[in-house]
Structure formats: C-alpha cells, structure tokens
Amino acid sequence: MQLSKRLGHSVNILGLATLSNHRFAYEGYSQSRGCATANVVWDQNQKVWGVLYLNLSDEDLEKLDLYEGATVEDDIGKKRYFRKTVEVTLANDGIAYDADIYIMDHNGVSSDQAGFPSKEYVLEVIKTALEVGFPDSYIAESILPLCFNQQKVIQ
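To convert a position in the sequence shown, counted from 1, into the working numbering, add 3.
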C-alpha cells in the first residue's frame, strides 16, 4: 500500500470507510507533480470512499503532514493542505470513527485554476481504487467520469 511506503513501515487497516457530504474532485494541486491532484470537497448529496487506518503515531502523522504539504506555506504565507478530523463510517459494519484527512486549502483559488491531472496520476488513482477494493459503482460514477468525461488530462 502507498501509506506503508510513505511511512517506511507496515500499517494496520481497519477497513473501507465513507465520508458523507463530500465528493472526490481533482481540485488540489501538486507542485512536485505539476498537475491537479485529488481532493475532497463539500457536497451535501455525495460521499467519498477511503481506507481507514488504525493507530497511526504522532510521528506517522508528522511524516504525512510533510508528504501532503501541510507544513509548506505558499507565497502568501498559507499552508496548501491542512489535516482535519472528520467522522467516517466503516463500510462493513456502519460504525462511526474519527479520522484525519488532508484537504486542500484553496485560499481563493478556483477549481479551474487547479488545472488538470496528469495521465500518470489518473492511472495511479484508478489503480489504487481498484487495489483497495472501492465499490465498482463508486469508481464508475465518482472517479472515472472526472478522468475521462468532464475534465482534460495532461498527456
């Protein structure tokens, strides 16, 4: 899994979970990738699927803060991403848990200004969604349309 690679050790997965009132979007931006990246945005009628990890240490969260850019300030002194605690629902039993997620702080930047994802990044998102076992219907309805129907992809 990608998180194990980022942290340098194995991680414990509790299972797949959903975040209500949010949707998947390519509204983030990665300077290192040079393209738009995945983000979650408020949407009262949608939900986002993700993986719920168990017992990440403070050191793990600090590493993730660095990786996700939650410690990097832009040219106007604001952090691009921030870590936020939200309530998610475990898919297999419906139990609610508090979880930390990373969200892009747009600082007035519109989704149009974020640009488009690269082909490599889109393929990475789809591959990961399939590997972790997101429902086919979610991939088909929430991820693929953004990749191929509604937005351009940087070749």
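Just so you know, even glycine gets a beta-carbon here, dropped at the ideal spot from N, CA and C.
Looking at GLY97, ARG86 and LEU10, the one whose alpha-carbon comes closest to that of VAL43 is ARG86. Approximately 25 Å separates the beta-carbon atoms of TYR32 and THR21; this is outside 8 Å, ruling out the contact. Between GLU134 and GLN49, the alpha-carbon positions lie close to 22 Å from each other. In summary, GLY72 is buried, with 16 or more beta-carbon neighbours lying within 10 Å of its beta-carbon over all protein chains present. Looking at TYR56, GLU127 and TYR70, the one whose alpha-carbon comes closest to that of VAL91 is TYR56.
Ranking LYS66, GLY136, GLU65 and VAL51 by CA distance to the CA of TYR29 puts VAL51 first. In the structure shown, the three-state DSSP call for SER33 is strand.
Between the beta-carbon of LEU69 and that of ASP103 there is about 14 Å, and that puts the pair past the 8 Å contact cut. Taking 8 Å as the cut-off, the beta carbon of TYR84 is found closer than this to the beta carbon of ASP108.
Taken through DSSP and simplified to helix, strand or coil, SER13 comes out as coil. Going by beta carbons, GLY136 and LEU19 fall inside the 8 Å limit. DSSP places ALA94 outside both helix and strand once states are collapsed to three, so it counts as coil.
SER145 counts as buried, since no fewer than 16 other beta carbons sit within 10 angstroms of its beta carbon.
Comparing alpha carbon positions, the residue from ILE129, TYR100 and LYS66 closest to SER7 is LYS66.
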